[in-house]
Amino acid sequence: AQSVTQLDSHVSVSEGTPVLLRCNYSSSYSPSLFWYVQHPNKGLQLLLKYTSAATLVKGINGFEAEFKKSETSFHLTKPSAHMSDAAEYFCVVFRGAGNNRKLIWGLGTSLAVNP
Amino acid sequence: DTEVTQTPKHLVMGMTNKKSLKCEQHMGHRAMYWYKQKAKKPPELMFVYSYEKLSINESVPSRFSPECPNSSLLNLHLHALQPEDSALYLCASSHPLAGGATSTDTQYFGPGTRLTVL
């Protein structure tokens, strides 16, 4: 069965420093993986997705994630944090089989960016 | 255009009221979803429509009644709600649910309706 674990519930960084949000997944086959971001009182925005093409996936707003099968990880990174990056980030794995196709969500990581 | 729109943005209702939430997309997606999200939690799937037919109901109470009148619209009818139903209700859409296990079904979300039940 597919599942996803976000290893940190809260991450705090200073503006201009790197961001690392960690995600581990379990899947019985090659998964589809996503990162979504949710700013306060807003909907969910797709940051990036992995679909078994390149293992390094580039997303919007300078974010990228690397799929590492040997480590079952899909960590999200950004070289330099901006104040506008403060938000909730969700790592998501897609579970697919016939009509029972769903997104399995991590519990989220709250990113704070300090000036 | 990857926009999903939802109305209203905010809704306050009493426990005896009847109201509806609306969702619209024009991306040609044939799968549409309702989610419920409590503060600081991930979204919880409620319903999935595929080609305008209900394909998944996650054991949602009958006081929530979904409707998909056409391929672009999705409604959620609310009746006799409880205060614990207060939450952010999110609509999403994706390409059709394909038969293959490798389909990504990337979901695009609307901004949500913030519902408060008094």
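Sequences listed follow chains Z and Y, in order.
For the first sequence, counting from 1, position 55 maps to 55 in the numbering used here; every step adds exactly one.
For the second sequence, counting from 1, position 27 maps to 27 in the numbering used here; every step adds exactly one.
Glycine included, every Cβ here is placed at the ideal spot set by N, Cα and C.
Check whether the Cβ atoms of Z/K69 and Y/P111 sit closer than 8 Å, and answer yes or no. Translated into the one-based positions of the first sequence, residue 69 of chain Z becomes position 69. Translated into the one-based positions of the second sequence, residue 111 of chain Y becomes position 111. No.
With a threshold of 8 Å between beta-carbons, can Y/P83 be considered close to chain Z, or not? In the second sequence, the residue the question calls residue 83 of chain Y occupies position 83. No, no contact with chain Z.
So is Y/G100 buried or exposed if we call it buried at 16+ other beta carbons inside 10 Å? Residue 100 of chain Y sits at position 100 when you count from the first residue of the second sequence. Confidence at Y/G100 is low in this model, with a pLDDT of 43, below 50, so its placement is unreliable and no value can be given for it.
Can you give me the C-alpha to C-alpha distance between Y/T116 and Z/L33, rounded to a whole angstrom? Position 116 of the second sequence, counted from the first residue, corresponds to residue 116 of chain Y. Position 33 of the first sequence, counted from the first residue, corresponds to residue 33 of chain Z. Cα to Cα, Y/T116 sits roughly 33 Å from Z/L33.
With DSSP as the reference, identify every bridge partner of Y/P111, one or two as the case may be. Here residue 111 of chain Y refers to the residue found at position 111 of the second sequence. DSSP, once it has assigned bridges, lists no residue as partnering Y/P111.
DSSP three-state call for Y/E84: helix, strand or coil? Position 84 of the second sequence holds residue 84 of chain Y. Of the three classes helix, strand and coil, the one that applies to Y/E84 here is helix, per DSSP.
Using Cβ-Cβ distances below 7 Å, what residues of the segment 61-89 of chain Z are close to chain Y? none
Would you kindly report the start and end of the unbroken beta strand (DSSP E) that includes Y/I56? Counted from its first residue, the second sequence places residue 56 of chain Y at position 56. Its beta strand (DSSP E) spans residues 53-57.
Give a yes or no on whether 8 Å exceeds the smallest Cβ distance from Y/Q107 to chain Z. As a first step, residue 107 of chain Y is located in the second sequence; it is residue number 107 there, counting from the start. With 8 Å as the cut-off, Y/Q107 counts as an interface residue toward chain Z.
Measuring straight from C-alpha to C-alpha, what distance separates Y/L90 and Y/Y51? Reading the second sequence from its first residue, position 90 is the one you call residue 90 of chain Y. Reading the second sequence from its first residue, position 51 is the one you call residue 51 of chain Y. When rounded, the distance between both Cα atoms is 19 Å.
Can a CB atom of chain Y be found closer than 8 Å to the CB of Z/W105? As a working mapping, residue 105 of chain Z is identified with position 105 in the first sequence. Interface residue, yes.
Would you list the one or two residues that DSSP bridges to Z/L76? Taking the first residue of the first sequence as position 1, residue 76 of chain Z is located at position 76. According to DSSP, Z/L76 bridges with Z/L21, Z/A65.
Whole angstroms is fine: what's the gap from Z/S84's alpha carbon to Z/G62's? Numbered from 1 along the first sequence, position 84 holds the residue referred to as residue 84 of chain Z. Numbered from 1 along the first sequence, position 62 holds the residue referred to as residue 62 of chain Z. Each residue's Cα considered, the two are about 12 Å apart.
Would you say Z/L48 reaches chain Y, if we count a Cβ-Cβ gap shorter than 8 Å as a contact? Along the first sequence, read from residue 1 onward, the residue named residue 48 of chain Z stands at position 48. Chain Y contact via Cβ: absent.
What do you reckon, are the CB atoms on Y/N70 and Y/K22 nearer than 8 Å? Taking the second sequence and counting its residues from 1, the one referred to as residue 70 of chain Y is at position 70. Taking the second sequence and counting its residues from 1, the one referred to as residue 22 of chain Y is at position 22. No.
Would you say Z/K58 lies against chain Y (beta-carbon separation less than 8 Å)? On the first sequence, position 58 is the one that residue 58 of chain Z refers to. Not an interface residue.
Tell me where the beta strand (DSSP E) around Y/K22 begins and ends. Within the second sequence, residue 22 of chain Y is the residue found at index 22, counting from 1. Run containing Y/K22: 18-25, per the beta strand (DSSP E) assignment.
I need the DSSP call for Y/S72, collapsed to helix, strand or coil. Position 72 of the second sequence, counting from 1, holds the residue named residue 72 of chain Y. Reduced to three states, the DSSP call for Y/S72 is coil.
In whole angstroms, what is the alpha-carbon distance linking Y/K18 and Y/N57? Against the second sequence, residue 18 of chain Y aligns to sequence position 18. Against the second sequence, residue 57 of chain Y aligns to sequence position 57. Cα to Cα, Y/K18 sits roughly 21 Å from Y/N57.
Check whether the Cβ of Y/P43 lies closer than 8 Å to any Cβ atom in chain Z. Here residue 43 of chain Y corresponds to residue number 43 of the second sequence, with the count starting at 1. Y/P43 counts as touching chain Z.
Please report the straight-line C-alpha distance between Y/V60 and Y/V48, rounded to a whole angstrom. By 1-based counting over the second sequence, the position of residue 60 of chain Y is 60. By 1-based counting over the second sequence, the position of residue 48 of chain Y is 48. Between Y/V60 and Y/V48, the C-alpha separation is close to 12 Å.
Residues of its chain near Z/H39, where Cβ-Cβ distance is below 7 Å and the 5 sequence neighbours each way are ignored: Locating residue 39 of chain Z in the first sequence gives position 39, counting from the first residue. Correct list, in chain order: A87.
Rounded to the nearest angstrom, how far is the Cβ of Z/K102 from that of Y/L88, given a contact under 8 Å? In the first sequence, counting from the first residue as 1, residue 102 of chain Z sits at position 102. In the second sequence, counting from the first residue as 1, residue 88 of chain Y sits at position 88. Actually they are not in contact, since the Cβ atoms of Z/K102 and Y/L88 sit about 19 Å apart, beyond 8 Å.
Distance check for Y/K38 and Y/A92, CA to CA, integer angstroms please. Indexing the second sequence from 1 puts residue 92 of chain Y at position 92. Indexing the second sequence from 1 puts residue 38 of chain Y at position 38. Between Y/A92 and Y/K38, the C-alpha separation is close to 16 Å.
Proximity winner among Y/K40, Y/E84, Y/K53, Y/Q82, relative to Z/F90 (alpha-carbon distances): By 1-based counting over the first sequence, the position of residue 90 of chain Z is 90. Answer by Cα proximity: Y/K40.
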